[in-house]
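Novice: Numbering (UniProt numbering), first residue to last: 1 to 215. Note that CB positions come from ideal geometry on N, CA and C, so glycine has one too. Below is the structure I would like to discuss, written out as structure tokens.
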């Protein structure tokens, strides 16, 4: 848990921001950094067929598993997801990236993990699950959350990011078929952030002051 007081002035926004609103430059930068991390970490190993613990899940199973991932695993930082909840062909979307495949998602998380552990160790980060609920007659789960982390860099930046995620339960065996942090405005969201991706990147390059402001 981060110990310095939280400056909320940089994490409040009137609307949640979606992938269609993210600048091409920001999306390109994030895509390039992801590719670079994957290259440094090595190629994708051949994947064996996944063995499922359960043939099918009901909506309550998924809801309980997601709550564990948020509250115990702090997966937004740690990357420790319960793979049993997701369809193999699940699509993953946030305001900067979109791709398909549970194995790809797991590989990206595994490659990022050493960097996260080095620069945002468990004692300097937290995840708050604000709400988690079934919607659309049990066809989807919607979560609202906040992640906070103090980065181990000389200028001591702080990332304070609020957002929402929609998990659609359309996969095989009732599993999650889409994990969405950005979506067109006719729906509540896929995953949407309370600040723009550019603002999130800007948090990483400016110092955080513990006296209630940032540099």
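Among 140, 66, 119, 136, which one has its Cα closest to the Cα of residue 155?
Specialist: In the chain shown, counting from the first residue as 1, residue 155 sits at position 155. Taking only the C-alpha atoms, the option nearest residue 155 is 119.
Novice: Span of the beta strand (DSSP E) holding residue 55?
Specialist: Within the chain shown, the letter at position 55 stands for residue 55. Unbroken run through residue 55: none, as it is neither H nor E.
Novice: Going along the chain, which residues of its own chain have a beta-carbon closer than 7 Å to the beta-carbon of residue 134, five neighbours each way excluded?
Specialist: Counting from 1 along the chain shown, the entry for residue 134 is found at position 134. Same-chain partners within the cutoff: 59, 63, 141.
Novice: Would you call residue 122 buried or exposed, if buried means 16 or more other Cβ atoms sit within 10 Å of its Cβ?
Specialist: To locate residue 122, count along the chain shown from 1; it is residue 122. Exposed, by the Cβ-count rule.
Novice: For residue 114, count neighbouring Cβ atoms within 10 angstroms of its own Cβ and tell me buried if that reaches 16, exposed if not.
Specialist: What you label residue 114 is simply residue 114 of the chain shown in a count that begins at 1. Exposed: under 16 other Cβ atoms inside 10 Å.
Novice: Based on the DSSP secondary-structure assignment, which residues constitute the bridge partners of residue 160?
Specialist: The count along the chain shown starts at 1 and reaches residue 160 at position 160. Beta-bridge pairing links residue 160 to 148.
Novice: In whole angstroms, what is the alpha-carbon distance linking residue 137 and residue 159?
Specialist: On the chain shown, position 137 is the one that residue 137 refers to. On the chain shown, position 159 is the one that residue 159 refers to. Approximately 35 Å, taken between the alpha carbons.
Novice: By the 10 Å Cβ neighbour count, where 16 or more other Cβ atoms means buried, how is residue 172 classified, buried or exposed?
Specialist: As a first step, residue 172 is located in the chain shown; it is residue number 172 there, counting from the start. When all chains shown are included, residue 172 counts as exposed.
Novice: Under three-state DSSP, which class holds residue 71?
Specialist: Position 71 of the chain shown holds residue 71. Three-state DSSP puts residue 71 in a helix.
Novice: Considering only C-alpha positions, which residue in the set 86, 108, 74, 106 is nearest to residue 166?
Specialist: Mapped onto the chain shown, residue 166 falls at position 166. Closest option to residue 166, Cα to Cα, is 86.
Novice: Provide the residue(s) that pair with residue 116 in DSSP beta bridges, ordered along the chain.
Specialist: One-based indexing of the chain shown puts residue 116 at position 116. Looking at the DSSP assignment, residue 116 forms no beta bridge with any residue, so it has no partner.
Novice: In three-state DSSP terms, what is residue 140?
Specialist: Reading the chain shown from its first residue, position 140 is the one you call residue 140. Three-state DSSP puts residue 140 in a strand.
Novice: What does DSSP give as the partner residue(s) for residue 165 in the beta ladder?
Specialist: For this step, residue 165 is matched to residue 165 along the chain shown. Note: residue 165 sits in a beta bridge opposite 143.
Novice: Skipping 5 residues on each side, what residues in its chain have a beta carbon closer than 7 Å to that of residue 71?
Specialist: Within the chain shown, residue 71 is the residue found at index 71, counting from 1. Excluding positions up to five away in sequence, the list reads 129.
Novice: Once you ignore the five residues that flank residue 187 on each side, which residues in its own chain have a CB closer than 8 Å to its CB?
Specialist: Walking along the chain shown from the start, residue 187 turns up at place 187. Low local confidence applies: a pLDDT of 43 at residue 187 is under 50, so the model's placement there is unreliable, and no value is given.
Novice: Compare the C-alpha of residue 97 against each of 124, 49, 103, 108 and name the closest.
Specialist: Here residue 97 refers to the residue found at position 97 when the chain shown is read from its first residue. That would be 108, whose Cα lies nearest to the Cα of residue 97.
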